[in-house]
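Contents: one structure, followed by commentary.
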Amino acid sequence: MKKLILKIIHLRNPNFLFDESLNTSALIQFIWIQIWSLLRGCIVLFLFRNPKGMLLGKGVSFFNTSKIKWGKFLRLGNQVFLSALSKNGIQFGDNVSIGAYSQVIVSTSLHNIGNKITIGNNVGIGEFAYLGGAGGLEIGDECIVGQYWSCHPENHNYDDLNVSIRHQGVSRKGIKIGKNCWIGSKVTVLDGVQIGDGCIIAAGSVVTQSFPENSIIAGVPAKILKNRNHE
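All the letters of the sequence shown, read from the start, carry residue numbers 755 to 985 under this note's numbering.
Written out as structure tokens, the structure is:
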């Protein structure tokens, strides 16, 4: 049975192997969960959309579904919320995984709708993430991200002391995360940041500026500790 399940898993992850100590009861429970996730994924058929092997946890919800596009084997954990109120929508590549209780929200304002969120192929994002897309958010292929990650591509204007901040509007530059990045848990990325390919960001960092490729970054605010080339 393991060989059959492994062949199916290889459709999504060709490099996957079972741990030798995996017990049969855990494997059976895992299979049961995946079957139900696939069945829930078929709900998009009622929206005249192809699920493409989509795996949905319990309580997943969508807003403005016509502006959401996905590749093969999109996995959304329990209670994930996607809102594509935007100019250019939400787009997922192949084999994207979003952890439970995460929110992927381009914008919440009907007055000034946001730009887009684009997530590349083979991206895994942990539980409780908040991904905003008002100014645009791009995440490159092969990125892996820990829990409680948040991205905020928008800032409030505050220069006029005689007007409340909430009435002064916003500025938007966007956030871009390069390919093959490893981002630790509880990292916050603010507007205008561009992260180069191959970067590593330590857990708990607050990223307020851009960094070149292969940087190892940490701190509040985040700074370069060293380069992966040991420079």
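Even glycine gets a Cβ: it sits at the ideal position worked out from N, Cα and C.
Backbone CA spacing between residue i and residue j [nearest angstrom]
| i | j | result |
| --- | --- | --- |
| F802 | I970 | 44 Å |
| N876 | V899 | 11 Å |
| R982 | D951 | 11 Å |
| E896 | W936 | 9 Å |
| G874 | S851 | 11 Å |
| K806 | F827 | 6 Å |
| N934 | L864 | 34 Å |
| A972 | F846 | 28 Å |
| G923 | N916 | 14 Å |
| G811 | N804 | 17 Å |
| Q948 | S856 | 22 Å |
| K757 | L776 | 13 Å |
| A976 | K870 | 25 Å |
| I762 | N769 | 12 Å |
| F835 | I955 | 25 Å |
| G938 | E892 | 18 Å |
| G813 | H984 | 45 Å |
| D945 | S815 | 26 Å |
| N968 | I978 | 10 Å |
| A883 | V858 | 8 Å |
| Q963 | I785 | 43 Å |
| G795 | S918 | 44 Å |
| H910 | I789 | 44 Å |
| Q901 | S820 | 28 Å |
| G894 | N767 | 18 Å |
Local Cβ density within 10 Å of residue i, reported as buried at 16 or more and exposed below that
| i | result |
| --- | --- |
| T872 | buried |
| D914 | exposed |
| P907 | buried |
| S837 | buried |
| C953 | buried |
| R829 | buried |
| S791 | buried |
| F800 | exposed |
| Y912 | exposed |
| K980 | exposed |
| A957 | exposed |
| L771 | exposed |
| V798 | buried |
Whole-Å CB distance - residue i paired with residue j, under 8 Å assumed
| i | j | result |
| --- | --- | --- |
| G887 | V860 | 4 Å |
| K927 | G889 | 6 Å |
| N818 | L839 | 5 Å |
| I879 | G853 | 6 Å |
Residue from the options with nearest C-alpha to residue i
| i | options | result |
| --- | --- | --- |
| D773 | N767, L781 and R766 | L781 |
| E881 | H910, Y912, G932 and K940 | K940 |
| K930 | V924, S775 and V943 | V943 |
| K823 | G813, M808 and L771 | M808 |
| L765 | N849, S925 and S815 | N849 |
| T778 | V961, P768 and I759 | I759 |
| G868 | Q783, S925, F835 and S964 | S925 |
| D932 | F965, H910, Q833 and R920 | Inspection of the sequence shows that residue 932 is occupied by Gly rather than by Asp. Of the candidates F965, H910, Q833 and R920, the one whose C-alpha sits nearest the C-alpha of G932 is F965. |
| W903 | I919, S918 and S959 | S959 |
| H921 | N832, G795, N866 and V798 | N866 |
| N832 | I787, T862 and N767 | I787 |
Closer than 8 Å: residue i CB and nearest the ligand SAM heavy atom
| i | result |
| --- | --- |
| R920 | Of the ligands one can find in the structure shown there are none, so the ligand SAM has no counterpart to examine. |
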